Amino acid sequence: VTFNHQLKAGGQARFHKIENIKRPSPVGYVAEDYAASPSEFGFYVQDRMEYAGLILNVGARIDGLSYNEGEFANFFGPATKDPNPPFGISRAIAVRGDAPEVKWYFTPKIGVSHPIAEDGAVYFSCSRQMTPQPFANVFAAYNLYGTSPILPGAARIDQEPFVSTNYELGIQWLLLQDLSLDVNAYFRNIENYGLDAAVLTWRAPSGVPNLYNVQFSGGYADARGVEITLTKRTSRLFDFLDLSGRASYAF
-18 VTFNHQLKAG GQARFHKIEN IKRPSPVGYV AEDYAASPSE FGFYVQDRME YAGLILNVGA
42 RIDGLSYNEG EFANFFGPAT KDPNPPFGIS RAIAVRGDAP EVKWYFTPKI GVSHPIAEDG
102 AVYFSCSRQM TPQPFANVFA AYNLYGTSPI LPGAARIDQE PFVSTNYELG IQWLLLQDLS
162 LDVNAYFRNI ENYGLDAAVL TWRAPSGVPN LYNVQFSGGY ADARGVEITL TKRTSRLFDF
222 LDLSGRASYA F
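Quick note: the sequence shown, position 87, residue 68 per this note's numbering, numbers continuous.
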């Protein structure tokens, strides 16, 4: 945009098609059968600002997440009896309602780099990041097929994604013309890292289990450590041989 600013912007869209059929044996009845079409949307803007002795990256991203499949119409009446059960085995079929609305997430990012010598610089960054839950966590037992004594664990469709807050502080040093050292300390916390569950009892039709597990996003995790990286840029040893490499150690 100007001598000091480099502006970038963009977007993406992802449309998934997921199909799953599971049988307890090659000739057994269908234990799980569903097709789902979740979609993801993302838009970002970033400004790289360069001044004497300072490089600053500031950006933001907006992500949209839609699972496009119905949530339970009633968590205390999640299923009905299959009128045409395979092999005469009583089982339940989920009763689904409307799909949850698209959810939007705002994730800002900032990074700063400052030279401390002709061959070295320190840097710091802070960011938020959104990652959708694995689809296997969202659509497991989507049709809720089940036989006695308990229905399979069924996940809520309207689950929150993984959302992490990330901090990094490091130093980069050019040891030789083609050899550099990077020491990086990081800390990140992650929301909705695991799955929680509640056991519900419902007034089930005759021959259908009256207990089932409702799974939903929850939990927390964090990670911290230091990573040391030594990088050898490509250099020509002989006319027919180039040498490069990278080694890192984290704790």
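Glycine included, every Cβ here is placed at the ideal spot set by N, Cα and C.
Since the structure is predicted, the reported quantities are computational estimates derived from the model, not experimental observations.
**Request:** Check the DSSP bridge columns for residue 86 and list the partner residues they point to.
**Result:** 44
**Message:** At the level of alpha carbons, what is the spacing between residue 225 and residue 157?
**Reply:** 13 Å
**Prompt:** Nearest CA to the CA of residue -8: which residue from 139, 154, 42?
**Reply:** 42
**Asked** By DSSP, does residue 65 sit in helix, in strand, or in coil?
**Response** coil
**Asked** When the Cα atoms are used, what is the spatial distance from residue 50 to residue 66?
**Response** 24 Å
**Message:** Any contact between the region 29 to 48 and the region 80 to 93? By contact I mean 3 or more CB pairs, one from each, below 8 Å.
**Reply:** yes
**Prompt:** residue 125: which of 75, 57, 216, 208 sits nearest, CA to CA?
**Reply:** 75
**Nearest residue (CA-CA) to residue 146, options 116, 155, 107** = 107
**Message:** Does the region 164 to 174 come into contact with the region 197 to 211, if we say contact requires no fewer than three beta-carbon pairs (one atom in each stretch) closer than 8 Å?
**Reply:** The region 164 to 174 is in contact with the region 197 to 211.
**Prompt:** Since residue 103 and residue 45 are thought to touch, with beta carbons under 8 Å apart, how far apart are those beta carbons, to the nearest angstrom?
**Reply:** With a Cβ gap of about 36 Å, residue 103 and residue 45 do not count as contacting.
**Limits of the unbroken alpha helix (DSSP H) element including residue 57** = Unbroken run through residue 57: none, as it is neither H nor E.
**Prompt:** Looking at the unbroken alpha helix (DSSP H) that takes in residue 118, where does it start and where does it end?
**Reply:** 116 to 120
**Request:** Please list, in chain order, all residues of the same chain as residue 91 whose beta carbon is under 6 Å from its beta carbon, the five residues on each side excluded.
**Result:** 39, 107
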